[in-house]
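*Asks:*
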Amino acid sequence: MRRVAFTIGLLMLLVAAKGQHKAELSQLNFISGKWTGSMAWGDMEEYWSEAMGDNMVCAFRCVKDGKVMFYEFIVIEQSNTGVPVMKLRHFNRGNIAWEEKDKPYEYPLVKLEKNKAVFEAPDKKTRLIYERLNENRLKAVLEREKGGKWEADEFLYQLSR
């Protein structure tokens with residue numbers, strides 16, 4: 001019985017890890033920079049650091065009519081398995097967190113190409129894709145599966161200096 005339970009547990013771990021992509025954080029440095037863009041719901045700023053040690057950090061804000069709509073704090077940490085994992089939290093004005101303190105959204109890296117990284121939630125219902133289009137342009141895409149259909153929000157950023 002123990003052997004069966006062990007085998008089932010091992011298979012579950014292998015299935016959970018399937019599709020995750022091992023990479024060095026420095027391979028994600030193409031995301032780094034101060035990025036700005038606009039959407040109908042506000043002006044956006046996203047600051048990404050280069051990799052330092054086992055992490056990268058990002059601060060994001062969305063402002064409309066001079067008032068903050070929300071913030072995000074994002075880290076990408078190198079996991080013990082070698083897979084970079086994006087961890088994201090949202091905050092309202094006043095630094096009030098949306099997520100529980102020990103439950104950020106987590107998105108392991110599942111695909112890495114030159115200047116393109118795909119992060120996906122373990123339930124496979126949300127993806128975050130970052131793609132450096134050229135020296136001064138970054139595209140971020142948030143894909144979500146809702147009711148059997150995929151929806152995508154695309155954010156185009158310009159490098160600011």
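Just so it is clear: in the sequence shown, position 70 is 70 by the numbering used here, and no numbers are missing. For each residue, glycine too, the CB sits at the ideal point set by N, CA and C. Because the structure is a prediction, the values reported are computed rather than measured.
Okay, do the segment 127-142 and the segment 107-118 touch, 3+ Cβ pairs below 8 Å being the bar?
*Replies:* Yes, they touch.
*Asks:* Have a look at Ala16 and Pro122 and give me their C-alpha separation to the nearest angstrom.
*Replies:* Residue confidence is low: Ala16 scores 42 on pLDDT, short of 50, so the model does not pin down where it sits. No coordinate-derived value is stated.
*Asks:* Could you give the residue range of the beta strand (DSSP E) that holds His90?
*Replies:* Its beta strand (DSSP E) spans residues 84-92.
*Asks:* Taking the alpha carbon of Lys67 as the reference point, which residue from Asn92, Ile96, Tyr107 has its own alpha carbon closest?
*Replies:* Nearest option by C-alpha distance: Asn92.
*Asks:* Helix, strand or coil for Gln78? Go by DSSP, reduced to three states.
*Replies:* Residue state, collapsed to three classes: strand.
*Asks:* For the candidate residues Ser160, Leu128, Leu159, Gln158, whose alpha-carbon lies nearest to that of Ala152?
*Replies:* The candidate whose alpha carbon is nearest that of Ala152 is Leu128.
*Asks:* By a C-beta neighbour count over all protein chains shown, 10 Å radius and 16 as the cutoff for buried, is Gln20 buried or exposed?
*Replies:* It is buried - the Cβ of Gln20 has at least 16 other Cβ atoms within 10 Å.
*Asks:* Just mark Trp98 as buried or exposed, buried being the case when its beta carbon has 16 or more other beta carbons within 10 Å.
*Replies:* Exposed: under 16 other Cβ atoms inside 10 Å.
*Asks:* The beta strand (DSSP E) with Gly37 in it runs from where to where?
*Replies:* Residues 33-39.
*Asks:* Any contact between the segment 24-42 and the segment 75-88? By contact I mean 3 or more CB pairs, one from each, below 8 Å.
*Replies:* Contact between the segment 24-42 and the segment 75-88 is present, because at least three Cβ pairs lie under 8 Å.
*Asks:* Classify Ile96 as buried or exposed, calling it buried when 16 or more other Cβ atoms lie within 10 Å of its own Cβ.
*Replies:* Exposed, by the Cβ-count rule.
*Asks:* Tell me which residues share the same chain as Glu45 and place their Cβ nearer than 6 Å to its Cβ, disregarding the 5 neighbours each side in the sequence.
*Replies:* These residues qualify, in order along the chain: Thr36, Arg61.
*Asks:* Quick check: the Cα distance between Glu145 and Phe119, rounded to an integer number of angstroms?
*Replies:* Distance between the alpha carbons of Glu145 and Phe119 is about 14 Å.
*Asks:* Could you have a look at Ser26 and say whether DSSP puts it in helix, strand or coil?
*Replies:* The answer is helix: DSSP assigns Ser26 an H, G or I state.
*Asks:* Which same chain residues, not among the five before or five after Lys125, have their C-beta less than 7 Å away from its C-beta?
*Replies:* Counting only Cβ-Cβ distances below 7 Å, and skipping sequence neighbours, we find Arg144, Glu145.
*Asks:* Count the other C-beta atoms from every protein chain shown that fall within 10 angstroms of the C-beta of Trp150, then say buried if there are 16 or more, exposed otherwise.
*Replies:* Trp150 should be labelled exposed.
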